[in-house]
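K.L.:
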Amino acid sequence: MALVPGRAIKFAPPWDCADAIVTFDANSGDYWLVAVLAYDILRIVQSHDNGIQMPALAEQLATTHVSEVVANALSPTLHSLVDNQLLQPADWYTPALLPMNDSDD
Amino acid sequence: MTEALLHIAPFNVRIRSPFPAVRQHIAFFYLGFPHCQPDSFIDFDIQILPGKGFRRWWRPQVRFLLDGVESFYPLPAEQSAPMLEWGLNWCVASRPLGYLVMHAAVLARDGLAVMLPGFPGAGKSTLCASLCLQENWQLLSDELAILNPASGAMLPHPRPISLKNASLDVVKNFPGARLGRVYTDTRKGTISHAASPEASVSAASRTSLVRWIVFPRFEVGAVAHHEAISRAEAFNLISEQSFNKERMGEVGFDALCALLSGAQCFQITYGSTADGLQLIRDITVPA
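Here the protein sequences line up with chains A and B, keeping their order.
The first sequence maps to residues 1 to 105 in the numbering used here.
The second sequence maps to residues 1001 to 1287 in the numbering used here.
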């Protein structure tokens, strides 16, 4: 998995045993409230410039989450993050964006 | 033609209008506000002008111009003074001035502020008027919370308190309340304004740090109670009430997070102004 190109994700501070973490995209101004597992997934993916394979992601999550939680919730959480255009499969091909031009020439 | 150069903290505002009602409104509500020097930088150059063409005579209208540009449909001429207040709200909320602007009342005591984000019908303005007129809180604003991202401080903007419908009857009976003219049949129903307390106008350079964020909910007959809510939930609710968070981008996000980090967040439900005041007292009692 990898971050959707163009996203510049930031998180709110780790507030008082919150069950939701505010996640912000500095480029679009959009924000989401994500569960702790989704927050950890985003942080791990964010630390890998070229994305991370699923087994490695599950392995890293297992260090901070109960394995049953990861087994049951990983797939729906990833789907949700993809649906919200935060993550995408790392092997997706996204064409490089051209620089903005003032004219159509 | 009336012309006023006022420092309505933290902005310099120039107001020009031929309407006597605007002159009277300024004289009544902005009497204690400092005047700017003629060569001061003006943040908002406002004109409240009559309608064009036959609308000068037939069902006369009033127009609001900011920097010479008309941004709204005209209103009936008798609403010239409310149009000044509504238009000025729009100026503060929509102009990129480097502040994070949210729809909330803010009041302070000893430099610590309570912020009351406003949802329609929540009773924000009545509660705000009660706190400043009955409990002597410093009014920073009844409508526009202006946060300076650089300092994390809330800036006073102590303009008249907007009152509508049932709140008029409640607030006019407060000791020391000075209400202006009542306007009926406006888009917001029957409205009026209460003058900011003189002490709040005098203290308009005194900023405050938000210590409590309280989301009020007025319900007829409700049993008064308050509950703590998470900062993430408060973030979500305040974001709905922010005028320019998107435009403020990362700076706005960081400012809002810092604001929430330093505050306790609550939701209150109450059925009378007295109950609402007591809940605010309970929440803001010094530790």
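Positions of the beta carbon are idealized from the N, C-alpha and C atoms, including for glycine.
1) Does the beta carbon of A1232(B) come closer than 9 angstroms to any beta carbon on chain A?
2) Tell whether a beta-carbon distance below 9 angstroms holds between L1155(B) and A1093(B).
3) Please check the pair A1224(B) and T1269(B), which I expect to be a contact at CB under 8 angstroms, by giving their CB distance rounded to whole angstroms.
4) What does P13(A) touch in chain B if you count any residue whose Cβ is under 7 angstroms from its own?
5) In chain order, what residues of the same chain lie with their CB nearer than 6 angstroms to the CB of S1040(B), ignoring the 5 residues before and after it?
6) Put G1249(B) into one of helix, strand or coil per three-state DSSP.
7) My output table needs one value for P1117(B): the three-state DSSP class, helix, strand or coil.
8) Quick one: give me the first and last residue of the beta strand (DSSP E) that V1214(B) is part of.
9) Taking the alpha-carbon of E1233(B) as reference, which of H79(A), L37(A), L33(A) has the nearest alpha-carbon?
10) Under 9 angstroms between beta-carbons, which chain A residues line up against F1253(B)? List them in chain order, please.
11) Quick one: residues in its chain with C-beta nearer than 6 angstroms to the C-beta of D1142(B), no 5 flanking neighbours on either side, listed in chain order?
12) Which residues in chain B have a C-beta closer than 8 angstroms to the C-beta of D16(A)? List them in chain order.
13) For the stretch 1234-1253 of chain B, list every residue whose C-beta sits within 9 angstroms of some C-beta in chain A, in sequence order.
14) Is there a Cβ from chain B that is less than 9 angstroms from the Cβ of D40(A)?
15) If I measure Cβ to Cβ from V1201(B) and keep anything under 8 angstroms in the same chain, skipping five residues before and after, which residues do I get?
16) When burial is assigned at 16 or more other CB atoms within 10 Å of the CB, is V45(A) buried or exposed?
17) Measuring only the C-alpha atoms, how far is A1122(B) from L74(A)?
18) Would you list the one or two residues that DSSP bridges to C1265(B)?
19) Let me check one thing: in DSSP terms, what residues is W32(A) bridge-paired to?
20) Anyone know if the C-beta pair for S1071(B) and W1086(B) falls short of 9 angstroms?
21) Taking the beta carbon of H1103(B) as the centre, do at least 16 other beta carbons fall within 10 Å, making it buried, or is it exposed?
22) Look up V1182(B) in the DSSP assignment and say whether it is helix, strand or coil.
23) Just verifying my parser: in three-state terms, what is the DSSP assignment at N72(A)?
24) Report yes if the CB atom of V1210(B) is closer than 9 angstroms to the CB atom of A1150(B), and no otherwise.
25) The alpha helix (DSSP H) spanning V1171(B) covers which residue range?
26) Looking at the unbroken beta strand (DSSP E) that takes in Q1061(B), where does it start and where does it end?
27) Is there contact here, the stretch 14-32 of chain A with the stretch 57-70 of chain A, by at least three beta-carbon pairs under 8 angstroms?
28) Alpha carbons only, please: which of H1025(B), R1023(B), G1252(B), S1272(B) is nearest the one belonging to L1097(B)?
29) Could you check whether the Cβ of D105(A) sits closer than 9 angstroms to any Cβ belonging to chain B?
30) Just to confirm the assignment, what range does the alpha helix (DSSP H) spanning N1236(B) have?
31) For I1283(B), name the three-state secondary structure that DSSP assigns.
32) In or out: P1216(B) buried (at least 16 other Cβ within 10 Å) or exposed?
P.N.:
This is what the structure holds:
1) yes
2) no
3) 7 angstroms
4) C1257, S1261
5) N1012
6) helix
7) strand
8) 1209-1218
9) L33(A)
10) K10, A12, V22, F24, A26, G29, Y31
11) A1105, S1125, C1128, I1161
12) S1230, R1231
13) F1235, N1236, S1239, K1245, E1246, R1247, M1248, G1249, E1250, G1252, F1253
14) no
15) G1032, F1033, P1158
16) buried
17) 40 angstroms
18) I1213(B)
19) T23(A)
20) no
21) buried
22) coil
23) helix
24) no
25) 1166-1171
26) 1061-1066
27) no
28) G1252(B)
29) Its pLDDT being 48, under 50, D105(A) is placed unreliably in this model, and the value from its coordinates should be taken loosely. D105(A) does not count as touching chain B.
30) 1231-1240
31) helix
32) buried
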